[in-house]
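Q:
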Amino acid sequence: PHVIRREDYTPPDWQVPEIALDFALDAAATSVRATLNVVRSSAHDRPLVLDGAGQTPLSVKVDGVAVNDWWLKDGGLVIPLRGSAHVIETEVEIAPERNTQLMGLYASGGNLCTQCEAEGFRRITFFPDRPDVLSVYKVHMVADKARYPVLLANGDPIAQGDLPDGRHWADWHDPFPKPSYLFALVAGDLVANRATFTTMSGRDVALGIWVRAADLAKTEHALAALQTSMAWDERVYGREYDLDVFNIVAVDDFNFGAMENKGLNIFNSRYILADADTATDYDFDAIAAVVAHEYFHNWSGNRITCRDWFQLSLKEGFTVFRDQGFSADQGSAAVKRIEDVRGLRAAQFPEDAGPLAHPIRPDEYQEISNFYTATIYNKGAEVIRMIATILGPQRFRAGTDLYFERFDGTAATCEDFVASMEAASGVDLSQFRLWYSQAGTPRVTASVAHDAGSGRATLTLSQRTPPTPGQLDKQPMVLPLKLKLFGAETAQTLAAEQLVLLDQPSEQIVFEGISERPVLSINRGFSAPVVVETDRSAADLAFLSAHDDDPFARYEAMQQLMLDTLVESAANGTADHRAVIAAIAGTLDDAALDPAFVAEVVLLPSDAFIGDQMARVDPEAIFRAREALRRDVGRSLDTRWRAAYDAAQADSFEYSPAAKGLRRLKTVALGYIAASGAADAAGLAFGQFEAADNMTDRQGALATLVSGDSPERIAALDIFYNRYSDNALVLDKWFQAQALSARDDTLEIVAELSRHRDFTLANPNRARALIGAFSVNQRAFNAADGAGYRFVADQLIALDRLNPQTAAKMIPPLGRWRRFDAARAALMRGELERIVATPGLSKDMFEQASKSLA
Ligand code: HT7
Ligand code: ZN
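Residues 14 to 867 (the UniProt record's numbering) make up the sequence shown, in order.
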């Protein structure tokens, strides 16, 4: 395989300050004529090399003259040139309707759209398709007017008109030099929800969210989120939008969540369309977060882009950090932090502990699409958060101001970002830079020894980062740990919160005047993305779960208490549930707490997260342990769950933090009532399902029913299907709910669903809803006979032929074989070997599957 290495970076031989693109758009055959002004970057004699994939040029001209002195190499076009500047013209023909990879120009729902990040532009035309070649783009589009009445591209619209043959044309111009991965166009039958945003300097920006006419009413939330994001970025980061228009287009077939193309974001429709009947609170929140994320990229990604793809976290980690801050400001910051950490632990920690572990700035890749990972995005955001924590808010803002000022209009590196932070703050981040180069999740151990006689408490901290592929020896990192000591008897603060920067393998911190036994609260706010191991007793964890004044630490104490109980139970077949039950009771009884927070705290850790704590994952034992604890918590606290359930009833749907919190708690309570085995549980769930005036309540009830055996399960599934059979996004929920079911026959149901008339691998959302969801259903996927592995491997091999990127993203569950017993490990390896041996396998899949075997 061809490996691309960070250390091999060299600047481009040729720059392309300007490009004009001329499209004759048609789903079956689109002609693309490109005119590139190319300039030799330095005194070298190397030819011009333009990347390309899957095309042959119909013509090549140099300075207006057709030439034959060119050749194709690795899909790209090589043209020897004599001078220091030339005009190159190429013409190709591409077939959007045959593009199932959804990279480059493709058809979705009868419309045409593009996806160019990371390397899709080379599937549209020949070009130096690398992020450090920045060009000003002019785009001319011609298309059939009846079929494609709307023609959009980056930047500002310049002119448009009709042609005599029923076609029409439009010209767009983007004055900001940009890399090819930010190019976009859309041709379609779309309508816009429009608004105006007045920027902080008083300029009016025309906003438009473009969708099918039938979906227009579902765009209000996204449009409001866009306006809120624009104002937030001005207020919090001083960043103003720069063009006169900002358009977003929603498409149904999309490999990812959304794309930040300059002035023309293209979104997976699941991150735009919402109303109470079809979208859950989770969907509403995700829409606001993704709209904000893509908008924020205008500065962190577009105005300052990445020098090369190894720097991907420069834009993605920082932008996730920015969107997390935005979302935290829209509702409960505590709940947002808990959700983000839960997501990090579910996706990134296993990645960092497995065969695909890589630093947030990787050193090599085969296929860059495989590196749009939780590590680059979410751990990347944690790294920025740690810088913000170490610097404090003022110095961090000075650092971002300096970074934006220094690197505006350039393709920058992670090092440029860190150096800006250092220069603005005066803080030395030399050792901190290890976070960019070392993979793996550091493990911290912490224990406090108290000497009552002298009133001295000694905290011993140590750190160790486990080996990861290619990195066996790790150096100590800088770990910003917020900590505090509470009195075990009085619950008083014995030592105020302080930020400790642990930068040694181990360290001791002495606290004087500690008059009673201290209880340690550590990694408050999850100040460092590490695993903390402490010797705190169940009693101390229960104490913190009731008294800690840091909401995250309070949640964490409860999680740890639950985890300790569940791991013991999974290992021994039984455990004492009383401490967990008492702690949950205490949380439910605390009237001062926000219901949204309560709902997070009382949830048991997932099967997968319990497995992550064990030397060997035993999926059946974990499932039994978790079910037993759920049943006990449900039964013991039945009155409280029913009281919480009743108290959370609302007269009508409202989308507000308070109403969302109540809905969340309501469904969590319903889950515990069902887990208790109460005879009326299915009836209660079905009642909620039928009476619901919103999708959150309806889906919550469905999720409860699908894991059971009641007649209401079938009824609810049928009603849901019939009601939403023409709504693809809601139908995804129907598939997903069944794939996540705790029933014994989930695999049979999922296999049957894979033959359902509404199932297709061609739509990434649908493939992820069934196959992706099933492969994270720990118990069903890891069935001892390997049938789950075989089913997923079959599906991924089929999906790879259509859409390698989407298929490769679903390999990691099979790569977790080292975490399981020998029999399961052999079965998983067998499937990975079968995948690797598949003729015609994509390089996306080859990289993921072969690395997973190593
Ligand atoms: N920057 C965008 C990444 C993206 C992408 C990557 C690979 C293949 C398809 C893709 N679509 C979008 C999304 C973002 O982080 O904002
Ligand atoms: Zn992004």
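Each residue gets a CB set at the ideal place from its N, CA and C atoms; glycine is no exception.
Scan the segment 391 to 439 and note each continuous alpha helix (DSSP H) run of 4 residues or more that stays entirely inside, going in chain order.
A: Entirely contained in the segment 391 to 439, the alpha helix (DSSP H) runs reaching 4 residues are, in chain order, 393 to 404, 406 to 420 and 427 to 438.
Q: Just to confirm the assignment, what range does the beta strand (DSSP E) spanning proline 482 have?
A: Where proline 482 is concerned, there is no enclosing beta strand (DSSP E), given that its DSSP letter is neither H nor E.
Q: List the endpoints of the continuous alpha helix (DSSP H) containing glutamate 102.
A: First-last for glutamate 102: 98 to 107, but that is the beta strand (DSSP E), not the alpha helix (DSSP H).
Q: Out of curiosity, what's the CA-to-CA distance linking valine 78 and threonine 318?
A: Rounded to the nearest angstrom, the two C-alpha atoms are 34 Å apart.
Q: Find out if the Cβ-Cβ distance for the pair glutamate 110, alanine 40 is shorter than 8 Å.
A: Yes, they are a contact pair.
Q: Is it the case that the segment 187 to 199 contacts the segment 277 to 291, given that we only count it when at least three CB pairs across the two stretches are under 8 Å?
A: Flag = yes, the segment 277 to 291 and the segment 187 to 199 touch.
Q: Exposed or buried, which one is aspartate 664 when buried takes at least 16 other CB atoms within 10 Å?
A: Flag for aspartate 664 reads exposed.
Q: Would you say serine 272 touches the ligand HT7, meaning its beta carbon is less than 7 Å from a heavy atom?
A: Checking the sequence, you will find methionine at residue 272 rather than serine. Yes.
Q: Report all residues from its chain with a CB closer than 6 Å to the CB of threonine 759; omit the five preceding and five following residues, and keep chain order.
A: If we look at threonine 759 and ignore the five residues flanking it on each side, its Cβ neighbours are Ala793.
Q: Does glutamate 510 come out as helix, strand or coil in the three-state DSSP assignment?
A: If DSSP states are grouped into helix, strand and coil, glutamate 510 belongs with the strands.
Q: Residues around the ligand ZN, please: the ones whose beta-carbon is closer than 5 Å to some heavy atom of it, in chain order.
A: Residues with a Cβ closer than 5 Å to any heavy atom of the ligand ZN, in chain order: Glu329 and Thr332.
Q: What are the uninterrupted segments assigned as beta strand (DSSP E) that are 3 or more residues long and contained completely in the segment 621 to 709, given in chain order?
A: Qualifying beta strand (DSSP E) stretches: none in this window.
Q: For proline 480, count neighbouring C-beta atoms within 10 Å of its own C-beta (all shown protein chains included) and say buried if the count is 16 or more, exposed if not.
A: When all chains shown are included, proline 480 counts as exposed.
Q: Just reading off the beta strand (DSSP E) that proline 170 is part of, what are its end residues?
A: Run containing proline 170: 169 to 175, per the beta strand (DSSP E) assignment.
Q: At what residue ranges does the segment 514 to 574 contain a whole run of the alpha helix (DSSP H), taking only runs of 4 or more?
A: DSSP runs (the alpha helix (DSSP H)) wholly in the segment 514 to 574: 551 to 560.
Q: How many whole angstroms separate the CB atoms of lysine 80 and valine 73, which I take to be in contact at a CB cut-off of 8 Å?
A: Correcting the residue type first, residue 80 is valine in the shown sequence and not lysine. Right, their Cβ atoms sit about 6 Å apart.
Q: From which residue to which residue does the beta strand (DSSP E) around threonine 473 run?
A: Threonine 473 -> beta strand (DSSP E) spans 469 to 477.
Q: Assuming the contact rule is C-beta atoms closer than 8 Å, serine 738 and leucine 730 should be a hit. Round their C-beta distance to whole Å, please.
A: So it is not a contact: roughly 12 Å between Cβ atoms.
Q: If you run the structure through DSSP and keep just helix, strand and coil, what is residue 871?
A: The requested residue 871 is not part of the displayed model; the chain covers only 14 to 867.
Q: Per DSSP, glycine 500 forms a beta bridge with which residues?
A: According to DSSP, which records beta bridges pairwise, glycine 500 is partnered with Pro531.
Q: Over what stretch of residues does the alpha helix (DSSP H) that includes methionine 213 continue unbroken?
A: Methionine 213 -> no alpha helix (DSSP H), and no H or E assigned at all.
Q: Is the segment 391 to 404 touching the segment 364 to 375 in the sense that three or more CB pairs, one from each, lie closer than 8 Å?
A: Touching, per the Cβ criterion.
Q: As a quick exercise: from Asp798, Ala131 and Asp64, pick the residue whose alpha carbon is nearest that of proline 632.
A: Taking only the C-alpha atoms, the option nearest proline 632 is Asp798.
Q: To which residues of the same chain is alanine 238 closer than 7 Å at the C-beta, ignoring the five residues directly before and after it?
A: Closer than 7 Å at the Cβ level, and outside the excluded window around alanine 238, lie Ile300, Ala301, Val304 and Ala305.
Q: Where does proline 190 fall in DSSP's three states?
A: Residue state, collapsed to three classes: strand.
Q: Answer yes or no: do threonine 127 and leucine 34 have a C-beta to C-beta separation smaller than 8 Å?
A: Cβ atoms of threonine 127 and leucine 34: not closer than 8 Å.
Q: Distance, Cα to Cα, aspartate 342 vs glutamine 712?
A: When rounded, the distance between both Cα atoms is 27 Å.
Q: Would you call the segment 852 to 861 and the segment 815 to 826 in contact, with 3 or more CB pairs under 8 Å?
A: Yes, they touch.
Q: Is the CB-CB distance between threonine 529 and threonine 503 below 8 Å?
A: Reading the sequence as shown, one finds glutamate at residue 529 and not threonine. In contact: glutamate 529 and threonine 503 (Cβ atoms closer than 8 Å).
Q: Compare the beta carbon distance of leucine 220 and phenylalanine 210 with 8 Å and say whether it is the shorter of the two.
A: A contact, by the Cβ cut-off of 8 Å.
Q: Measuring only from the beta carbon, is residue 2 closer than 7 Å to any heavy atom that is part of the ligand HT7?
A: Residue 2 cannot be examined here, being either before or after the span of the chain that is shown, 14 to 867.
Q: Check this for me: beta carbons of glutamate 132 and aspartate 145, under 8 Å apart or not?
A: Not closer than 8 Å, so no.
Q: Taking Cβ positions, are tryptophan 654 and alanine 682 nearer each other than 8 Å?
A: Contact: yes.
Q: Return the residue from the list Gly168, Pro70 and Pro14 that minimises the CA-CA distance to aspartate 257.
A: Answer by Cα proximity: Gly168.
Q: Do you know whose CA, among Glu31, Thr43, Ser669 and Ala634, lies nearest serine 193's CA?
A: Taking only the C-alpha atoms, the option nearest serine 193 is Glu31.
Q: From serine 550 to valine 543, what does the alpha carbon distance come to, in whole angstroms?
A: Approximately 20 Å, taken between the alpha carbons.
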